[in-house]
Amino acid sequence: MLFQVEMTVKLPPEMPVERAAEIKASEKAYAQDLQRAGKWRHLWRVAGSYSNVSIFDVEDNAELQDLVSNLPLFPYMEISVKPLCRHPSSIRDDDS
Numbered sequence: 020m021l022f023q024v025e026m027t028v029k030l031p032p033e034m035p036v037e038r039a040a041e042i043k044a045s046e047k048a049y050a051q052d053l054q055r056a057g058k059w060r061h062l063w064r065v066a067g068s069y070s071n072v073s074i075f076d077v078e079d080n081a082e083l084q085d086l087v088s089n090l091p092l093f094p095y096m097e098i099s100v101k102p103l104c105r106h107p108s109s110i111r112d113d114d115s
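Here the numbering used here runs 19 ahead of the position in the sequence shown, where the first position is 1.
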């Protein structure tokens, strides 16, 4: 199943810079592992904000919940999820 996931990060202003850097490094490693595994199919930054739009390719809602809730930045995110399905006019074979 494909899902569009929009994430906006809102770190607390009082968070120490070193702690924020640690969380961001862990987040990057985890996100890249999920991309290599084919679960996090696309990742785009939203220009001008600390946000991204991503496409996840997972088995079901429960797997998506597990992957997203394990993101190191999860406690500091506002997240919007939209399930996707193949458009009948699509010419791509890999978008289902």
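By construction, the Cβ of each residue, glycine as well, lies at the ideal position given by its N, Cα and C atoms. Note that this is a predicted model, so its numbers are computed, not measured.
From this set, the options, which residue's C-alpha is nearest residue i's C-alpha?
i	options	result
Gln54	Val65, Leu86 and Ser109	Leu86
Asn71	Val77, Glu78 and Trp63	Trp63
Pro32	Tyr95, Ser108 and Arg111	Tyr95
How should residue i be labelled, buried or exposed, when 16 other C-beta atoms within 10 angstroms of its C-beta is the threshold for buried?
i	result
Met26	buried
Val77	buried
In its own chain, which residues sit with a C-beta less than 6 Å from the C-beta of residue i, not counting the 5 before and 5 after it?
i	result
Ser99	Glu25
Glu97	Thr27
Pro38	Note on identity: in this sequence residue 38 is Arg, with Pro being the wrong assignment. Result list for Arg38: empty, nothing under 6 Å.
Tell me the DSSP secondary structure of residue i in three-state form.
i	result
Asn80	helix
Ile110	coil
Alpha carbon to alpha carbon, what distance is there between residue j and residue i?
i	j	result
Lys29	Leu92	9 Å
Ala50	Leu90	8 Å
Less than 8 Å between CB atoms is the rule here; does residue i satisfy it with respect to chain D?
i	result
Ala40	In the structure shown, chain D does not exist; there is a single protein chain.
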